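Please read the structure below before turning to the comments.
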Amino acid sequence: LVAIAQRSRNLQGHGLDEGASTRMLIHAGRMIRAGLPLEAAVQSSIVLPITDNPDIRAALGDAIQACLP
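Counting in the numbering used here, the sequence shown runs from 527 upward without gaps.
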């Protein structure tokens with residue numbers, strides 16, 4: 527989640543007003559702890575709330591994929 531946060535915050539000023547907030551990351555962590563797969567948790571708690579722009583969502587999704595094992 528730390529790497530995902532860093533990558534999302536690197537997109538600030540490149541289509542995003544701000545990166546993933548601490549609250550979003552905590553929510554993702556709780557969802558993962560509850561059994562949701564990492565990718566689904568990040569998508570629903572970070573990517574979808576942060577922007578409605580499909581191009582930015584795709585870029586953020588690519589950045590997240592680069593962080594996954």
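Yeah, the Cβ is synthetic: ideal placement off N, Cα and C, and Gly gets one too. Computed from a predicted structure; not experimentally measured.
Compute the Euclidean distance between the alpha carbons of residue i and residue j, then round it to the nearest angstrom.
i: residue 552; j: residue 582; result: 22 angstroms
i: residue 578; j: residue 541; result: 11 angstroms
i: residue 559; j: residue 588; result: 23 angstroms
i: residue 568; j: residue 584; result: 13 angstroms
i: residue 529; j: residue 561; result: 20 angstroms
Answer with buried or exposed for residue i, where buried requires no fewer than 16 other C-beta atoms within 10 angstroms of its C-beta.
i: residue 537; result: buried
Name the residue from the options whose alpha carbon lies nearest to the alpha carbon of residue i.
i: residue 571; options: 593, 550, 580; result: 550
i: residue 546; options: 527, 580, 556; result: 527
i: residue 595; options: 533, 557, 564; result: 564
Let's see if you can read the secondary structure: which residues bound the alpha helix (DSSP H) around residue i?
i: residue 560; result: Where residue 560 is concerned, there is no enclosing alpha helix (DSSP H), given that its DSSP letter is neither H nor E.
i: residue 586; result: 580-593
Using a beta-carbon distance below 9 angstroms, is residue i in contact with chain B?
i: residue 529; result: Absence of chain B from the displayed structure is noted, only one protein chain being present.
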